[in-house]
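For this note's numbering, add 14 to where a residue sits in the sequence shown, where the first one is 1. Before any comments, here is the structure.
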Amino acid sequence: MKVGFDTGILMAWLHPTSTTALPVPDGPARVNLLVRTLTKQRATIVIPTPALSEFLVLAASHGPTYLQQLDRSPVVNIQPFDLRAAVEAADAHCRASLQGNKRGGATGSWQKVKVDRQIVAIAKVQGVDCLYSTDGDIKNLAVSMGVQVELLADLPLPAPTLFSHGGQPEP
């Protein structure tokens, strides 16, 4: 199994204390459960380089440490915006333009739409089974490009533990 992560999922996974993370209740816990599940399934996590670049900017001085962790991880596969992805992104742009909306249902700035389309194109040419995202625009673009997407808010929460209430047993 192969899955893709966008910038927001990377932030919730690796840098959950960031103030730039989207306000999704228990987002880091949801992503940690997802990563544990994917690891047990021996899945590959594809990280498109445009998402990685955005993440590194947001992670600031922590970026090099995270990059080392990702590079050493046996489950992470960082993938570039290459020729195949460029063709896929161009095709998606042309199809959206022919339908009268070059943004393809996305509402962000034109630059954001282009980068989001690159992220989705990389996920598509890498054959991911699902692209995980925090971004509704990514979801709109992915659906229009035939890529399954799951939003962070829709991921399950981990089961409560015996000591999930301040270290005291639950009543």
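Each residue gets a CB set at the ideal place from its N, CA and C atoms; glycine is no exception.
- request: Decide if Trp27 is buried, meaning its Cβ has at least 16 other Cβ atoms within 10 Å, or exposed.
  value: Position 13 of the sequence shown holds residue 27. It counts as buried.
message: Using the Cβ count rule (16 or more neighbours within 10 Å means buried), how would you classify Pro172?
response: In the sequence shown, counting from the first residue as 1, residue 172 sits at position 158. Looking at its Cβ environment, which holds fewer than 16 other Cβ atoms inside 10 Å, Pro172 is exposed.
- request: Determine which residues share a DSSP beta bridge with Thr58 and list them.
  value: As a position in the sequence shown, residue 58 is number 44, starting the count at 1. Answer by DSSP bridge pairing, in chain order: Lys16.
- prompt: Which partner residues does Ser169 have in the DSSP bridge list?
  reply: Looking up residue 169 in the sequence shown gives position 155. At residue 169 the sequence reads Leu, which differs from the Ser that was named. DSSP lists no partner for Leu169.
task: Tell whether a beta-carbon distance below 8 Å holds between Val142 and Lys153.
output: Walking along the sequence shown from the start, residue 142 turns up at place 128. Walking along the sequence shown from the start, residue 153 turns up at place 139. No. Outside cutoff.
query: Between the C-alpha atoms of Leu169 and Ala104, what's the straight-line distance to the nearest angstrom?
result: In the sequence shown, the residue the question calls residue 169 occupies position 155. In the sequence shown, the residue the question calls residue 104 occupies position 90. Taking the straight line from one Cα to the other gives about 31 Å.
Residue range of the unbroken alpha helix (DSSP H) whose run includes Val90: Stepping through the sequence shown from its first residue, residue 90 is reached at position 76. Note, Val90: premise wrong, no alpha helix (DSSP H); beta strand (DSSP E) at 90-93.
query: Where do the ends of the alpha helix (DSSP H) carrying Ser111 lie?
result: Counted from its first residue, the sequence shown places residue 111 at position 97. Unbroken alpha helix (DSSP H) run through Ser111: 97-112.
field: Beta carbon of Ala120 nearer than 8 Å to that of Asp151
entry: Working through the sequence shown from its first residue, we reach residue 120 at position 106. Working through the sequence shown from its first residue, we reach residue 151 at position 137. Contact flag set, yes.
- prompt: For Leu145, which residues does DSSP report across the bridge?
  reply: Here the question's residue 145 lines up with position 131 in the sequence shown. Leu145 pairs with Gly18, Val163.
message: Tell me which residue opens and which closes the alpha helix (DSSP H) that Ser123 is part of.
response: Residue numbering aside, residue 123 sits at position 109 when the sequence shown is read from its first letter. Element bounds for Ser123: n/a, residue is neither H nor E.
query: In chain order, what residues of the same chain lie with their CB nearer than 7 Å to the CB of Arg131, ignoring the 5 residues before and after it?
result: In the sequence shown, counting from the first residue as 1, residue 131 sits at position 117. Closer than 7 Å at Cβ, skipping near neighbours: Ala103, Ala106, His107, Leu155.
- request: Tell me whether Ser111 is buried or exposed, calling it buried when 16 or more other Cβ atoms sit within 10 Å of its Cβ.
  value: In the sequence shown, residue 111 corresponds to position 97, counting from 1. The residue is exposed, with fewer than 16 neighbouring Cβ atoms inside 10 Å.
message: Let's see if you can read the secondary structure: which residues bound the alpha helix (DSSP H) around Ser158?
response: In the sequence shown, the residue the question calls residue 158 occupies position 144. From DSSP, the alpha helix (DSSP H) with Ser158 extends over 150-158.
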